[in-house]
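Visitor: Residue numbers (full-length UniProt numbering): 1 to 897.
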Amino acid sequence: KWRLGWHNTLCFQGQNPSWRFRSTPATERALQYQAGQKIHGFTVKEVVAVPDLFLTAVKLTHDNTGAQYLHAARDDKNNLFSVQLRTTPMDNTGVPHILEHTVLCGSEKYPCRDPFFKMLNRSLSTFMNAFTASDFTMYPFSTQNGKDFQNLLSVYLDAVFFPCLRELDFWQEGWRLENENPTDPTSPLVFKGVVFNEMKGAFSDNERVYAQHLQNKLYPNHTYGVVSGGEPLAIPDLSWEQLKHFHATHYHPSNARFFTYGDLPLEQHLKQIQEEALSKFERTEPDTAVPNQPHWDRPREDHVTCSPDAMAPDAAKQNTLCMSYLLGDITDTFEGFTLSLLSSLMISGPNSPFYKTLIEPKIGTDFSSVVGYDGSTKEASFSIGLQGMAEEDTEKVKQIIVQTIDEIIANGFEEERIEALLHKIEIQMKHQSTSFGLSLASYIASCWNHDGDPVQLLKISDSVAQFRQALKDNPRFLQEKVLHYFKDNTHRLTLSMSPDEAYLEKQVKAEEEKLQKKVQALSESDKKDIYEKGLELLSVQSKIQDASCLPALKVSDIEPTIAVTPVEMGTAGGVPVQYCEQPTNGMVYFRAMCSLNTLPEDLKLYVPLFCSVITKMGCGGLDYRQQAQQMELKTGGMSISTSVNPDYSNVDMYEQGVLLSSSCLERNLPDMFHLWSDIFNSPHFDDEERLRVLVMMSAQELANGISYSGHMYAMTRAARSLTPTGELQETFGGMEQVKFMKRIAEMPDLTQVLRTLPRIKRHILNPLNMRCAVNATPQKMSDAAGQVDNFMSNVASNKKDRKPVRPLDPLAAPGSGPSRKLITEPNFKPCQMKTFFPMPFPINFVSECIRTVPFTHEDYARPQLGADSIRTIYPAGHRRGQAVRVLSRGLPRCPLQ
């Protein structure tokens, strides 16, 4: 997968400052290591306890090659490995991206094609993938099984350092000239290739087009001035020999950073990595470092074009404008921490200065697609601007940005907003994450890639303390940063983008010209050779590969039992509640499911809009700004989203509702439930201007997501006519919802929508239609249960017995407590249906959906295994963008991109 930027965000787990650092077997073992100790060809450089994250960090260096190694020992069974290489291309051919694909096509020890896909049914991995960023490539996997970890590590090491890099694999994954019909030599020659087509798809997204141009033009002098993923018309300039040379110079241990995480012993990892890979290399001096971008002595402006958006909320407002500033080196950990906080203060939420001056005047629909602090490059950047604006507002937006910066320098930020942001960081540090290792690897990747200290990056409490001290010593600390990095910064790019009706036509013409130039240079012998190679590739792709060389788990390697999570059922004010005691590090998590069974059919389309605005309009005695501030100060977030859950035993029955989710620190438990009480009892539905801002932002987000998530929209639409669940999913999250929100955004008067929202609220926020769940520590569970009781008492006035619109499950036992309120659609008849949505993209998304059987049916495993088999037996098709999966609603889905 190609990623333009790698954003430094991480869900942290930590502790209350009053708790002691709880040593575990994993952290205790790691603390025994000493600086200077030699282990399997590595030397320990540093051992650091990081109590904020309940881990011990061990930094090592490989003696012979200089490879860097970081081990994060933590009491977590979901162990992770990653190796990242600094890959710094100097042209647009996409060589690091194509190489990432090609190394996964077989290696010396495992020569079968696509060993990664074939490991899917030989492993218990919880994650397997690879990523190409602007300046590094990463290969991570995770698993909870020790033997599986060793198997996957062997496959990954061999793939990265000893790939086959066959020419046929380069043709398949990168690019090739091939007859349109490979079996017909008279059919025209065309460009083909996985990455070639993937990047055509990537640049069908206007947001990605803009982001790529912005980075290339802000950092024009080195690797950030090119497209690491590959510019489609430049990809055919890459040769197989150039690909192999890039591997030889970049995929070397001297240019590598290894990271392991979890509770497995470090020594075993080091021993295997040394024996299977590093012992076969000598040290080199890789020339991959990224120099600082020379700073401009005056700001620059530029303009690019894009394809018109047929789903834009306002066809006359499709321009984007953004000002982007070059900041400091990301290896300065505290400066990066400060600038990231400063960015949030400037743009996040309705209380931020730029939200007030750019979003609320409705000059555009939303912030520009690139906004805020970006630490994914060696020197960070900050961007601010608007999308969905009129061309004539360009100068006005520039003036507003400059004026807002002046106002920030003059007035600074409210202390309560700073505290709310620091509270958010505390929440992030405490929050549990099942993929913590992967988040950790992603978080440290960019800084470590440029020789920053990854351990220092993890000491979040130190940065918070230093930040508080800096504010105490100098109350204008933040304003001076704004003056230095924004007001007085001459390395500023103002980039505008406008739609061009001939954009796609120009792209097609440019590709055709490139193709004809290639074809005209061919002799008849060359064309014959291309035809024969096409047949050879087709033959290889069609063969069932022998995967016997790959390692596999045995039944004896797998734990025979699965850990059961104990839960206790209870009630609060007659509402079923599930209580689950967990080591939540001082956090309390609350969720509630509210049924939609009584909601009239004509209101269904409005439910996603209701969910997106209900927590952002104000409630009780708070206006929307005060509500946002209290939510940031007292909670880890409060959200409501649609939920459609099919029955396990009947594909024509399902549960429909909205899911309420929130979390908070234990000390803020009463405040969180007070906010929920106000949302239930007295939400504000009287501010049309506020609603219009939220509608425009939502409609713009949906329109932007079509090209990026086209396969999901295709699958959702294909399932619409096969089950009631599929029909409702299309209503809530398919193209039907996209078109509905476009219509709402185009309405000159939203009074009718404002009148509709209270009607929906009366049906949804009704305690008689709820069931709840609470997760907390054993010590706090009693208090949490008491707060749930108080909450139910406070919202009891919303109780009203309403008749379901559709019949309930006749087999549901009366008084069965927290059982789901399943409904059926007696008049629903499955039918075949074909739908086509013409969209202005140079790529198509196709999905076929088949109605099968529910989860508990004796034949359910067969379509599930069939879908897995298609993925593993025909990996070439998968790599072209095909994916097959079976959902619990009994619908195998196969999207083609």
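Every residue, glycine too, gets a C-beta built ideally from N, C-alpha and C.
(1) Using a Cβ-Cβ cut-off of 7 Å (strictly less than) and excluding sequence neighbours within five positions of T856, which residues of its own chain qualify?
(2) Compare the beta carbon distance of F337 and S463 with 8 Å and say whether it is the shorter of the two.
(3) State yes or no: is the C-beta of T333 within less than 8 Å of the C-beta of Q456?
(4) With the cut-off set at 8 Å, would you say residue 902 and G573 are in Cβ contact?
(5) May I have a chain-ordered list of the alpha helix (DSSP H) segments no shorter than 4 residues that lie completely inside the stretch 441 to 505?
(6) Who does D329 pair with in a DSSP beta bridge?
(7) Near C594, what residues of its chain come up, given a Cβ to Cβ distance below 6 Å and the 5 sequence neighbours on each side ignored?
(8) Which one of H711, N92, L691, R717 has the shortest CA to CA distance from L757?
(9) In three-state DSSP terms, what is T102?
(10) Please return the same chain residues whose Cβ sits closer than 6 Å to the Cβ of Q479, not counting the five positions on each side in sequence.
(11) For G372, count the other beta carbons within 10 Å of its own beta carbon; 16 or more makes it buried, fewer makes it exposed. Which is it?
(12) What are the start and end residues of the beta strand (DSSP E) that includes T260?
(13) Between the C-alpha atoms of L278 and N449, what's the straight-line distance to the nearest angstrom?
(14) Under 8 Å: do the stretch 627 to 636 and the stretch 773 to 788 share three or more Cβ pairs, one atom per stretch?
(15) Please name the residue, chosen from V555, T571, Y708, E28, that lies closest to L264 on a Cα-to-Cα basis.
(16) Go through its chain and collect everything with a Cβ distance to G36's Cβ below 6 Å, but skip five positions before and after it.
(17) Considering just the uninterrupted stretch of the beta strand (DSSP E) at K192, what are its terminal residues?
(18) Thinking C-alpha only, which one of Y156, L599, I425 is nearest K803?
(19) If S142 and F131 are in contact, beta carbons under 8 Å, what's the gap, nearest whole angstrom?
(20) In whole angstroms, give me the CA-to-CA distance for H491 and M346.
(21) Can you tell which of T183, S496, N775 has the C-alpha that lies nearest to the C-alpha of T565?
(22) Tell me whether P646 is buried or exposed, calling it buried when 16 or more other Cβ atoms sit within 10 Å of its Cβ.
(23) Under 8 Å by Cβ, that's how I've got R717 and T852 pegged, so tell me the actual separation to the nearest angstrom.
(24) Could you name each continuous alpha helix (DSSP H) segment of 4 residues or more that falls completely within the stretch 199 to 225, going from the start of the chain to the end?
(25) Taking C-alpha atoms, which residue in F281, K217, S307 lies nearest to E301?
(26) Would you mind reading off the limits of the beta strand (DSSP E) that contains N79?
(27) Which term fits I544, buried or exposed, when burial requires 16 or more other beta carbons within 10 angstroms of its beta carbon?
(28) For A310, collect the residues of the same chain with a Cβ closer than 7 Å to its Cβ; drop the 5 residues on either side in sequence, then sort them by chain order.
(29) So, for S682: in the same chain, excluding its five sequence neighbours on each side, which residues have a beta-carbon less than 8 Å away from its beta-carbon?
(30) When the Cα of L728 is compared with those of M696, T365, E825, E426, which residue comes out closest?
(31) Looking at the secondary structure, which residues open and close the alpha helix (DSSP H) in which Q274 lies?
(32) Here's the rule I'm using: 16 or more other beta-carbon atoms within 10 Å means buried, otherwise exposed. How should P188 be labelled?
(33) At a cut of 8 Å, does the stretch 106 to 118 reach the stretch 208 to 217 through at least three beta carbon pairs?
(34) Can you tell me whether M138 is buried or exposed? The criterion is at least 16 other CB atoms within 10 Å of its CB, across all chains shown.
(35) Distance, Cα to Cα, V50 vs F436?
(36) Rounded to whole angstroms, what's the CA-CA distance from L754 to F685? Just pull it up for me.
Guide: The structure says:
(1) Within the sequence shown, residue 856 is the residue found at index 856, counting from 1. Contacts found: Y648, S649.
(2) As a first step, residue 337 is located in the sequence shown; it is residue number 337 there, counting from the start. As a first step, residue 463 is located in the sequence shown; it is residue number 463 there, counting from the start. Yes, the pair counts as a contact, with Cβ atoms nearer than the cut-off.
(3) For the purposes of this step, residue 333 is taken as the residue at position 333 of the sequence shown. For the purposes of this step, residue 456 is taken as the residue at position 456 of the sequence shown. In this structure, Q456 lies closer than 8 Å to T333 by Cβ.
(4) Only positions 1 to 897 of the chain appear in this structure, which leaves residue 902 out of reach.
(5) 454 to 458, 460 to 473, 477 to 482
(6) Here residue 329 refers to the residue found at position 329 when the sequence shown is read from its first residue. DSSP output for D329 lists E379 as bridge partner(s).
(7) Sequence index remark: in the sequence shown, residue 594 carries index 594 (1-based). Correct list, in chain order: G657, V658, I764, N769, M770.
(8) For the purposes of this step, residue 757 is taken as residue 757 along the sequence shown, with counting starting at 1. Nearest of H711, N92, L691, R717 to L757, Cα basis: L691.
(9) Working through the sequence shown from its first residue, we reach residue 102 at position 102. Of the three classes helix, strand and coil, the one that applies to T102 here is helix, per DSSP.
(10) Taking the first residue of the sequence shown as 1, we reach residue 479 at position 479. So the list reads I409, G412, once near-sequence residues are dropped.
(11) In the sequence shown, residue 372 corresponds to position 372, counting from 1. Buried, because 16 or more other Cβ atoms sit within 10 Å of the Cβ of G372.
(12) By one-based count along the sequence shown, residue 260 stands at place 260. First-last of the beta strand (DSSP E) with T260: 256 to 262.
(13) What you label residue 278 is simply residue 278 of the sequence shown in a count that begins at 1. What you label residue 449 is simply residue 449 of the sequence shown in a count that begins at 1. Between L278 and N449, the C-alpha separation is close to 19 Å.
(14) no
(15) Residue 264 sits at position 264 when you count from the first residue of the sequence shown. Of V555, T571, Y708, E28, the residue nearest in Cα terms is E28.
(16) For this step, residue 36 is matched to residue 36 along the sequence shown. Within the same chain, G36 has no close Cβ partners at all.
(17) Working through the sequence shown from its first residue, we reach residue 192 at position 192. From DSSP, the beta strand (DSSP E) with K192 extends over 189 to 192.
(18) Within the sequence shown, numbered from 1, the residue matching residue 803 stands at position 803. The residue with the shortest Cα to Cα distance from K803 is L599.
(19) The sequence position of residue 142 within the sequence shown is 142, counting from 1. The sequence position of residue 131 within the sequence shown is 131, counting from 1. Between F131 and S142 the Cβ distance is about 14 Å, and since that is not below 8 Å, they are no contact.
(20) Stepping through the sequence shown from its first residue, residue 491 is reached at position 491. Stepping through the sequence shown from its first residue, residue 346 is reached at position 346. Approximately 19 Å between the Cα atoms of the pair.
(21) Counted from its first residue, the sequence shown places residue 565 at position 565. Out of T183, S496, N775, N775 has the C-alpha closest to the C-alpha of T565.
(22) Taking the first residue of the sequence shown as position 1, residue 646 is located at position 646. With 16 or more Cβ atoms within 10 Å of its Cβ, P646 is classed as buried.
(23) Looking up residue 717 in the sequence shown gives position 717. Looking up residue 852 in the sequence shown gives position 852. Their Cβ separation, rounded to whole angstroms, is 18 Å, which puts R717 and T852 out of contact at 8 Å.
(24) 206 to 218
(25) Counted from its first residue, the sequence shown places residue 301 at position 301. If we check each option's Cα against that of E301, K217 comes out closest.
(26) The residue you call residue 79 lines up with position 79 of the sequence shown. 79 to 86 is the extent of the beta strand (DSSP E) around N79.
(27) Counting from 1 along the sequence shown, the entry for residue 544 is found at position 544. Exposed, because fewer than 16 other Cβ atoms sit within 10 Å of the Cβ of I544.
(28) One-based indexing of the sequence shown puts residue 310 at position 310. Excluding sequence neighbours, A310 sits near M839, P840.
(29) The residue labelled residue 682 in the question sits at position 682 within the sequence shown. The residues are C619, G620.
(30) Numbered from its first residue, the sequence shown carries residue 728 at position 728. For the residues M696, T365, E825, E426, the minimum Cα distance to L728 belongs to E825.
(31) On the sequence shown, position 274 is the one that residue 274 refers to. Unbroken alpha helix (DSSP H) run through Q274: 266 to 276.
(32) Here residue 188 is taken as the residue at index 188 of the sequence shown, counted from 1. By the neighbour-count rule (16 or more Cβ atoms within 10 Å), P188 is not buried but exposed.
(33) no
(34) As a working note, residue 138 is residue 138 in the sequence shown. Per the 10 Å Cβ criterion, buried.
(35) In the sequence shown, counting from the first residue as 1, residue 50 sits at position 50. In the sequence shown, counting from the first residue as 1, residue 436 sits at position 436. When rounded, the distance between both Cα atoms is 15 Å.
(36) For this step, residue 754 is matched to residue 754 along the sequence shown. For this step, residue 685 is matched to residue 685 along the sequence shown. Taking the straight line from one Cα to the other gives about 6 Å.
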